[in-house]
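Chemist: Start counting the sequence shown at 1; every next residue gets the next number (UniProt numbering).
Where a beta carbon is used, it is the ideal one built from N, C-alpha and C, also for glycine.
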Amino acid sequence: MNTTTSGPEGGDAPAEAPRHTPVITQEATTEIPVHLLFRDTDAPPVALRPAVVARRKGTGEQPRVGPGPAVPRTPAAAVPVPSRPAPPGDPELAERPGAVLPGWTGLAAGACAIAGIGTVLWGAGALPEMVPRLFGLTVYPFHGIGLGLWCLLALGVVIALFALGGIGRGQVGRVWVLTQFGEYRGSVRRTGMLWMSPMLLRHRVDVRLRHWRSDPMPAVDADGTALRVVVLVVWRVRDTARAVLGVEDHEEYLSEQVESAMARVLSQLPADAFHEDAPTLRDAEAVGGALTRMLSAECVPVGVEIFSAQPVGIEYAPEVAAAMQRRQIAAIDARHRDSVLTSVVDAVDDTVTRLTARGLVELDDYERKALVKDLTVAFYASRSGAREE
Numbered sequence: 001m002n003t004t005t006s007g008p009e010g011g012d013a014p015a016e017a018p019r020h021t022p023v024i025t026q027e028a029t030t031e032i033p034v035h036l037l038f039r040d041t042d043a044p045p046v047a048l049r050p051a052v053v054a055r056r057k058g059t060g061e062q063p064r065v066g067p068g069p070a071v072p073r074t075p076a077a078a079v080p081v082p083s084r085p086a087p088p089g090d091p092e093l094a095e096r097p098g099a100v101l102p103g104w105t106g107l108a109a110g111a112c113a114i115a116g117i118g119t120v121l122w123g124a125g126a127l128p129e130m131v132p133r134l135f136g137l138t139v140y141p142f143h144g145i146g147l148g149l150w151c152l153l154a155l156g157v158v159i160a161l162f163a164l165g166g167i168g169r170g171q172v173g174r175v176w177v178l179t180q181f182g183e184y185r186g187s188v189r190r191t192g193m194l195w196m197s198p199m200l201l202r203h204r205v206d207v208r209l210r211h212w213r214s215d216p217m218p219a220v221d222a223d224g225t226a227l228r229v230v231v232l233v234v235w236r237v238r239d240t241a242r243a244v245l246g247v248e249d250h251e252e253y254l255s256e257q258v259e260s261a262m263a264r265v266l267s268q269l270p271a272d273a274f275h276e277d278a279p280t281l282r283d284a285e286a287v288g289g290a291l292t293r294m295l296s297a298e299c300v301p302v303g304v305e306i307f308s309a310q311p312v313g314i315e316y317a318p319e320v321a322a323a324m325q326r327r328q329i330a331a332i333d334a335r336h337r338d339s340v341l342t343s344v345v346d347a348v349d350d351t352v353t354r355l356t357a358r359g360l361v362e363l364d365d366y367e368r369k370a371l372v373k374d375l376t377v378a379f380y381a382s383r384s385g386a387r388e389e
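#1: Just list the residues that DSSP pairs residue 400 with in beta bridges.
#2: Across which residues does DSSP place T179 in a beta bridge pair?
#3: Between which two residues does the alpha helix (DSSP H) holding M130 run?
#4: Taking the C-alpha atoms as reference points, what is the distance between A310 and V348?
#5: Where DSSP assigns a beta bridge to R358, which residues make up the other side?
#6: Tell me the residue span of the alpha helix (DSSP H) that contains V265.
#7: According to DSSP, is Q310 helix, strand or coil?
#8: Which residues does DSSP list as the beta-bridge partners of G170?
#9: With distances taken Cα to Cα, identify the nearest neighbour of W235 among E298, A263, F307, A290.
#10: Within a Cβ cutoff of 8 Å, which residues of the same chain sit near V320, ignoring the five residues on either side of it in sequence?
#11: Which of the three DSSP states is assigned to L227 in this structure?
#12: Quick check: the Cα distance between L164 and G156, rounded to an integer number of angstroms?
#13: Starting from the Cα of E285, find the closest Cα among A297, V304, V265 and give me that residue.
#14: Starting from S220, trace the beta strand (DSSP E) both ways and give me its first and last residue.
#15: Leaving out five residues on either side along the sequence, give the residues of the same chain with a beta carbon under 7 Å from the beta carbon of L153.
#16: Could you check whether M262 and V229 sit closer than 7 Å to each other, using their CB atoms as the reference points?
#17: Locate the alpha helix (DSSP H) running through R293, then write down its first and last residues.
#18: Hey, could you find the ends of the beta strand (DSSP E) R210 is sitting in?
#19: Quick check on this structure: which residue in S343, V131, G125, R210 has the alpha carbon closest to the alpha carbon of I145?
#20: Classify P97 as helix, strand or coil using the three-state DSSP reduction.
#21: Quick one: grab the DSSP three-state call for D338.
#22: Under 8 Å by Cβ, that's how I've got S187 and W195 pegged, so tell me the actual separation to the nearest angstrom.
#23: Straight-line CA distance for A160 to Y184?
#24: Should M324 go down as buried or exposed, given a rule of 16 or more other Cβ atoms within 10 Å for buried?
#25: Assuming A121 is part of the alpha helix (DSSP H), what are its boundary residues?
#26: Using the three-state DSSP reduction, which class does D364 fall into: helix, strand or coil?
#27: Based on the DSSP output, what are the partners of Y316 in its beta bridges?
#28: Using the Cα positions of T376 and S382, report the straight-line distance between them to the nearest angstrom.
#29: My understanding is that V237 touches V207, with C-beta atoms under 8 Å, so please give their C-beta distance in whole angstroms.
#30: Given that a residue counts as buried once 16 or more other Cβ atoms are within 10 Å of its Cβ, and exposed if not, what is E362?
#31: Could you tell me whether the Cβ atoms of E95 and T240 are closer together than 7 Å?
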């Protein structure tokens, strides 16, 4: 290796710097992906196109060698979910207001009926003597109760039971669904003391905003890898008639539909893409959006409104967790080695270019190769040592 220094002599113009001689003179090279060195299982070879090294016109600078085009697993950024028709609902079954009166009307009617019964008994002398005297009334002797009085007493008892038996209390976030002989008679969303016909059967429904967190449910991704998924669903009952009469148990129906929708959505993408840039199940926004849309369509016929269905935990099943963790570590190490190697090659190229461009060294082909080798070993050793520390 010959090392020379030069400077301006007299008034002569400075000598033109020698043009940069490329360190790597090959026009094209075949890229060898680093992850092929760390594969855990045998897989068929993948044909890769050569990465062409283009030269920059007008300069002698050696361009960087870029990686070949990546082959994505799926072109879509969102989760592709095959469409299918949702279960049809009963078009005639829809929530409507039910017949209801203020609670004081029932109390008033019941009080009047009880007062009428007492009056009949007082007039017939059937009350104990202390009762009329307590109210300052005349005490009549008892002469028996005829058929007419029995009819009046029976009518009063029926009215009192009907009036007092229909009194109920409406609460915020709770709805009464009224049915009679299996036929829907309306829903009551009012609060406070109410009177509803005691001839109607009442079903109380919770219409507050609710959330349901599932237990770890089994699923598989697009590669068939076993997963354990926990889903959080925020929902509420929107149509009480369909929620009570359209399905046997709307909460059980919701839990079953969550499991079904989760299996369909998660089977469209892999849980992780170890060696390529592709959509995965780690995109919580896309996976949650697809799951929410599918679950909303499935729950419309039963009157349930879905606000969000979000997977809060996607983990590998215990039987494959150890193997997948090794693959993740190998992929991370491969990406790190690739980045270190790229930076080392760029640093060596830049160093040799500056040395030759400034005229600090004059190298023939053998000396250039030796310098490149020594610099590569030195830079790579320093980067590896820093990473280990």
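Modeler: Reading from the atomic positions:
#1: What is shown of the chain runs 1 to 389, which leaves residue 400 out entirely.
#2: Walking along the sequence shown from the start, residue 179 turns up at place 179. Answer by DSSP bridge pairing, in chain order: Y184, L201.
#3: Sequence index remark: in the sequence shown, residue 130 carries index 130 (1-based). It spans 130–134 - the alpha helix (DSSP H) in which M130 sits, taken as one unbroken run.
#4: The sequence position of residue 310 within the sequence shown is 310, counting from 1. The sequence position of residue 348 within the sequence shown is 348, counting from 1. One detail in the question is off: residue 310 reads as Gln in this sequence, not Ala. Each residue's alpha carbon lies about 48 Å from the other.
#5: By one-based count along the sequence shown, residue 358 stands at place 358. DSSP lists no partner for R358.
#6: Your numbering for residue 265 matches position 265 in the sequence shown. Note, V265: alpha helix (DSSP H), 250–266.
#7: Taking the first residue of the sequence shown as 1, we reach residue 310 at position 310. Three-state DSSP puts Q310 in a strand.
#8: Counted from its first residue, the sequence shown places residue 170 at position 170. DSSP output for G170 lists G192 as bridge partner(s).
#9: Working through the sequence shown from its first residue, we reach residue 235 at position 235. Measuring from the Cα of W235, the nearest candidate turns out to be F307.
#10: Along the sequence shown, read from residue 1 onward, the residue named residue 320 stands at position 320. Excluding positions up to five away in sequence, the list reads T225, A226.
#11: As a first step, residue 227 is located in the sequence shown; it is residue number 227 there, counting from the start. Strand at L227.
#12: What you label residue 164 is simply residue 164 of the sequence shown in a count that begins at 1. What you label residue 156 is simply residue 156 of the sequence shown in a count that begins at 1. Approximately 12 Å, taken between the alpha carbons.
#13: Walking along the sequence shown from the start, residue 285 turns up at place 285. It is V265 whose Cα lies nearest to the Cα of E285.
#14: Position 220 of the sequence shown, counting from 1, holds the residue named residue 220. In the sequence as presented, Ser is not what sits at residue 220; that position holds Val. Counting along the chain, the beta strand (DSSP E) containing V220 begins and ends at 217–220.
#15: Working through the sequence shown from its first residue, we reach residue 153 at position 153. Only I117, V120 meet the Cβ criterion.
#16: Taking the sequence shown and counting its residues from 1, one reaches residue 229 at position 229. Taking the sequence shown and counting its residues from 1, one reaches residue 262 at position 262. Contact: yes.
#17: On the sequence shown, position 293 is the one that residue 293 refers to. Note, R293: alpha helix (DSSP H), 284–299.
#18: Reading the sequence shown from its first residue, position 210 is the one you call residue 210. Here the beta strand (DSSP E) through R210 covers 210–213.
#19: As a first step, residue 145 is located in the sequence shown; it is residue number 145 there, counting from the start. The candidate whose alpha carbon is nearest that of I145 is G125.
#20: Here residue 97 refers to the residue found at position 97 when the sequence shown is read from its first residue. P97 falls in the strand class under three-state DSSP.
#21: Here residue 338 is taken as the residue at index 338 of the sequence shown, counted from 1. Of the three classes helix, strand and coil, the one that applies to D338 here is helix, per DSSP.
#22: Looking up residue 187 in the sequence shown gives position 187. Looking up residue 195 in the sequence shown gives position 195. With 8 Å as the limit, S187 and W195 do not qualify as a contact, their Cβ atoms being about 16 Å apart.
#23: What you label residue 160 is simply residue 160 of the sequence shown in a count that begins at 1. What you label residue 184 is simply residue 184 of the sequence shown in a count that begins at 1. About 26 Å.
#24: Within the sequence shown, residue 324 is the residue found at index 324, counting from 1. Burial state of M324 is buried, judged by a 10 Å Cβ sphere holding 16 or more other Cβ atoms.
#25: Against the sequence shown, residue 121 aligns to sequence position 121. Residue identity differs from the one stated: residue 121 is Leu in this sequence, not Ala. 103–123 is the extent of the alpha helix (DSSP H) around L121.
#26: Counting from 1 along the sequence shown, the entry for residue 364 is found at position 364. Secondary structure at D364: coil, using DSSP grouped into helix, strand and coil.
#27: By 1-based counting over the sequence shown, the position of residue 316 is 316. Per DSSP, L227.
#28: Here the question's residue 376 lines up with position 376 in the sequence shown. Here the question's residue 382 lines up with position 382 in the sequence shown. Their backbone Cα atoms lie some 10 Å apart in a straight line.
#29: Taking the sequence shown and counting its residues from 1, one reaches residue 237 at position 237. Taking the sequence shown and counting its residues from 1, one reaches residue 207 at position 207. Going by Cβ atoms, the distance from V237 to V207 rounds to 5 Å, so yes, they are a contact pair.
#30: Residue mapping note: residue 362 aligns to position 362 of the sequence shown, counting from 1. Burial call: exposed.
#31: Within the sequence shown, the letter at position 95 stands for residue 95. Within the sequence shown, the letter at position 240 stands for residue 240. Less than 7 Å divides the Cβ of E95 from the Cβ of T240.
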